[in-house]
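Per UniProt numbering: the sequence shown = residues 1 to 765.
Have a look at the structure below, then the notes.
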Amino acid sequence: MNTHHLIGALVLMAGSTSLFAEQTAGIPQNQVKERETFVSHLMKQMTLDEKIGQLNLVSVGPDYPKEAIMADIRADKVGGMFNTVTKPDIRRMQDQVQYSRLKIPLFYAYDVVHGQRTIFPISLGLAASWDMNAVATSARISAKETAADGLNMTFSPMVDITRDPRWGRVSEGFGEDTYLTSRLAHEMVSAYQGNDPSAPNAVMANVKHFALYGAVEGGREYNTVDMSLTRMFNDYMPPYKAALDAGAGGVMVALNSVNGIPATSNPWLLQEVLRDQWKFKGLTVSDHGAIGGLVLHGVAQDDRQAAAMALKSGVDMDMADNMYGKYLKGLVADGMVTEKEVDRAVRNVLNAKWDMGLFADPYRHLGPVSSDPADTNAESRLHRKEAREVARTSLVLLKNEHETLPLQKKGTIALVGALADSQRDVMGSWSAAGKANQAVTVLQGMKEAIGDKATLLYARGANITNDPAIVDFLNQYEKQVINDPRPAQEMIDEAVKAAKKADVVVAVVGEAQGMAHEASSRTELNIPQSQRDLLKALKATGKPLVIVLMNGRPLTLTWENEIADAMLETWFSGTEGGHAITDVLFGDYNPSGKLPMTFPRSVGQIPLYNSVLNTGRPFNPQKPNKYTSRYFDITNGPLFAFGYGLSYTQFSVSAVSLSATTMSASAPLTARVTVKNTGKRSGATIVQLYLQDVAASISRPVKELKNFEKIDLAPGEEKVVTFTVNEKDLRFFNDKLKWASEPGKFNVFIGLDSQDLKQTSFLLK
Ligand code: BGC
1 MNTHHLIGAL
11 VLMAGSTSLF
21 AEQTAGIPQN
31 QVKERETFVS
41 HLMKQMTLDE
51 KIGQLNLVSV
61 GPDYPKEAIM
71 ADIRADKVGG
81 MFNTVTKPDI
91 RRMQDQVQYS
101 RLKIPLFYAY
111 DVVHGQRTIF
121 PISLGLAASW
131 DMNAVATSAR
141 ISAKETAADG
151 LNMTFSPMVD
161 ITRDPRWGRV
171 SEGFGEDTYL
181 TSRLAHEMVS
191 AYQGNDPSAP
201 NAVMANVKHF
211 ALYGAVEGGR
221 EYNTVDMSLT
231 RMFNDYMPPY
241 KAALDAGAGG
251 VMVALNSVNG
261 IPATSNPWLL
271 QEVLRDQWKF
281 KGLTVSDHGA
291 IGGLVLHGVA
301 QDDRQAAAMA
311 LKSGVDMDMA
321 DNMYGKYLKG
331 LVADGMVTEK
341 EVDRAVRNVL
351 NAKWDMGLFA
361 DPYRHLGPVS
371 SDPADTNAES
381 RLHRKEAREV
391 ARTSLVLLKN
401 EHETLPLQKK
411 GTIALVGALA
421 DSQRDVMGSW
431 SAAGKANQAV
441 TVLQGMKEAI
451 GDKATLLYAR
461 GANITNDPAI
471 VDFLNQYEKQ
481 VINDPRPAQE
491 MIDEAVKAAK
501 KADVVVAVVG
511 EAQGMAHEAS
521 SRTELNIPQS
531 QRDLLKALKA
541 TGKPLVIVLM
551 NGRPLTLTWE
561 NEIADAMLET
571 WFSGTEGGHA
581 ITDVLFGDYN
591 PSGKLPMTFP
601 RSVGQIPLYN
611 SVLNTGRPFN
621 PQKPNKYTSR
631 YFDITNGPLF
641 AFGYGLSYTQ
651 FSVSAVSLSA
661 TTMSASAPLT
671 ARVTVKNTGK
681 RSGATIVQLY
691 LQDVAASISR
701 PVKELKNFEK
711 IDLAPGEEKV
721 VTFTVNEKDL
731 RFFNDKLKWA
741 SEPGKFNVFI
751 GLDSQDLKQT
761 SFLLK
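Right, dumping it as structure tokens:
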């Protein structure tokens, strides 16, 4: 039966939901021509109402309960759904499709950002691993678990470049760097989708938030973005493009405006850049309520106009505000929107459903009822081993004086801090379907590791914050922070008592996970005062002090860095976080993570990042001069630079040797160094290559990351690390927005962080 007959049959035959399955068996997946024929024929059968229904992406909520959604599905008013995450729930929804006229299956999406059931480190932590295998493992398992719950799409990866840690969503992205984020974007999408998003262990990736959401002014959530085109294309756009080049099926449109025009009503962004220049053929969805938001942005007079603007600009699906459902029909009747414009969006939705395999089988990923897990949250559905391995790679050792770390499993250890015993916090924000009661805390990890070899004394010491307004804020939507009602001093005294009995103090301090989330911008980046008071008291005991940080953004840690003997950044490291952290604290794993974002000394320095322009009066710390680009009231530069992170062993890096001192488009060169493990332990490190275009038609950054490699070295072992440098690596968007290289001198830097680098140079002919 050909596809034409198939659609005819579909309309005639009501009843069985496996209709598509029976009839389309044998239609090969992802074959564009077949898909086009199929979708075109389907669209011919659709009324305008049914088409508009396909553009509606809905979520259950107090105003829109399941029963109402089910009724709307039966009435062909829904195209897809998100936030419904168990097989039985999803199946109940998908079952309704059979009562609709055309039986077009829905797709089901969710924000699986760093794990579905097994929670991996937050994205910023994944980025800190600089370990593509670890990142791919996390995304493959996320996809597997997401598909196993019957879902078809993840609203991930989030690849917004973030250079302002006041913004709570820096936790969700991969940090400040364009190259690192682009590599991770590509890796995540490839791992989520494989080469077929309909495959049993795959889901479609919906990359977000297009575009530039990470650059909101002042780090204030949902704020304005205003940016030069050269910065936009050189620094902020490449990660989205990298995700699309890896085949991402979807794009989520950002909530912010871009140079005055909201992304949601921005045809330049959604048509010219995304579709015309980048040739994106997939599905665009608005962010939550963003179409209605156009009125508040002040570009649409009312919701009706907003719906017209969004559709015309290229937003295919409407997330959660039903603006298309309410207004498109009337807009078409009035000639404000053409049916062709509606069709364009509908085609993208149906194509995505085809790619998800839903026309071949509406129960794709769901399977029969008999395949449902007896217990959705069963332990057997988790991937703990992989989560622990990945989490270990994400930890960054910031300081380690007198070899305070690793700890020995003997004597007495005082473990202090509310975060050491918080299952909810260790998972981080956007923890999808992860269950806090399955997460391993540091307390639990330490107890297991120590057994009866040493004494472990635990004291809470302080609440994460004692500020009642902040506690209320954090508990607004989820009761996540439960404060100990005891007076602060009583808790501190208890911790000090434990510390005095101990050989070493491990203080786990930082943010509640909800502080680093959507809608969680901060003006200060310090550890909350209650915990700083605790640290002060612990320091006064004179005992060696190990600070273990849990947080979702760079914090200002100048004072903590002064008082700590050792400091370990652990982000929010997921379900197996407590095990991973303990592995590192006791030296069962040697840390190799490197910062994906600069840690400033003070909020006032923000934005502070690696790939800055030099200015005409750069500051030189060796020869400080008043009339240079600096602050006079602080030590200039970061506390911890991009790419920084220590190991329990030491490495030396040789001078850089180049295969040639000139290069051309046809003759790339190689840059190599020899890295040696000069210490006593095996360890891994990340060798980083940076380039600088010394003189060009526009100012170019003082250095830009262009490649990196993670290597493992046994004590005394050395390895040669070779990077190929191509002419393409030297290209940038010039002031005409042409992507080209320019002949001249280039500096090459190689090292183990962005500041401690070996340098040489070559000429591009
Ligand atoms: C966020 C998106 C998310 C969506 C659906 C929005 O508020 O900005 O990142 O995908 O909600 O949960």
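Here a beta-carbon is modelled for each residue, glycine too, at the ideal position from N, C-alpha and C.
- Rounded to the nearest whole angstrom, the CA to CA distance from residue 431 to residue 119 is 6 Å.
- Nearest neighbour of residue 270 by Cα position, chosen from 598, 426, 311 and 519, turns out to be 311.
- Residue 610 sits in coil when the DSSP states are folded into three classes, being neither helix nor strand.
- In the three-state reduction of the DSSP assignment, residue 87 falls in the helix class.
- In the DSSP secondary-structure assignment, residue 690 is bridged to 705 and 749.
- No residue range can be given for residue 117, since it is assigned to no alpha helix (DSSP H) and is classified by DSSP as neither H nor E.
- In the DSSP assignment, residue 187 falls within the unbroken alpha helix (DSSP H) covering 178-193.
- For residue 93, the Cβ stays outside the 8 Å cut-off from all heavy atoms of the ligand BGC.
- Residue 673 places its beta carbon less than 9 Å from that of residue 653.
- With a cutoff of 9 Å on beta-carbon distance, residue 308 and residue 292 are scored as not near each other.
- With respect to residue 203, residue 365 sits close: the two C-beta atoms are nearer than 9 Å.
- Scanning the segment 372-421 from its first residue to its last, the whole alpha helix (DSSP H) runs of 4-plus residues come out as 384-394.
- Judged by DSSP in its simplified three-state form, residue 759 adopts strand.
- Rounded to whole angstroms, the Cβ separation of residue 252 and residue 276 is 19 Å, and the two are not in contact under 8 Å.
- The C-beta separation of residue 51 from residue 396 comes to about 50 Å, leaving the pair out of contact by the 8 Å criterion.
- Screening all residues for a C-beta within a distance smaller than 7 Å of any heavy atom in the ligand BGC leaves 82, 83, 111, 155, 158, 208, 209, 252, 255, 287, 288, 319 and 518, in chain order.
- Among the bridge pairs identified by DSSP, residue 658 is matched with 671.
- Distance from the CA of residue 627 to the CA of residue 636, rounded to the nearest whole angstrom, comes to 14 Å.
- By the neighbour-count definition (other C-beta atoms within 10 Å, threshold 16), residue 632 is an exposed residue.
- Taking 8 Å as the upper bound for CB-CB distance, residue 630 and residue 640 are not in contact here, some 19 Å apart.
- For residue 569, the pairing in a beta bridge is given by DSSP as 396 and 549.
- Rounded to whole angstroms, the Cβ separation of residue 747 and residue 755 is 14 Å, and the two are not in contact under 8 Å.
- By the 16-neighbour rule on beta-carbons within 10 angstroms, residue 65 is exposed.
- In the structure shown, residue 355 adopts helical secondary structure according to DSSP, grouped into three states.
- As DSSP reads the structure, residue 56 sits in a beta bridge with 318.
- Every alpha helix (DSSP H) stretch that sits fully inside the segment 237-299 and reaches 4 residues is listed by chain position as 238-245 and 293-297.
- Across the set 480, 158, 562 and 588, the C-alpha of 158 shows the shortest separation from the C-alpha of residue 243.
- Of the residues 78, 245 and 457, the one whose Cα lies closest to the Cα of residue 195 is 245.
- It is roughly 7 Å from the alpha-carbon of residue 648 to the alpha-carbon of residue 681.
- Between the C-alpha atoms of residue 407 and residue 580 there is a straight-line separation of about 14 Å.
- A contact is defined here as three or more CB-CB pairs under 8 Å, and the segment 385-402 meets this definition with respect to the segment 573-593.
- If you compare the alpha carbons of 643, 201 and 517 with that of residue 221, the shortest gap goes to 517.
- Shown here for residue 79: same chain residues with a beta carbon closer than 7 Å to its own, the five before and five after excluded, namely 53, 54, 55, 56, 57, 106, 317 and 349 in chain order.
- Annotation: residue 304 to residue 419 spans about 47 Å, alpha carbon to alpha carbon.
- Taking a C-beta distance under 9 Å as the contact criterion, residue 108 and residue 94 qualify as a contact pair.
- The straight-line gap separating the alpha-carbon atoms of residue 466 and residue 598 is approximately 28 Å.
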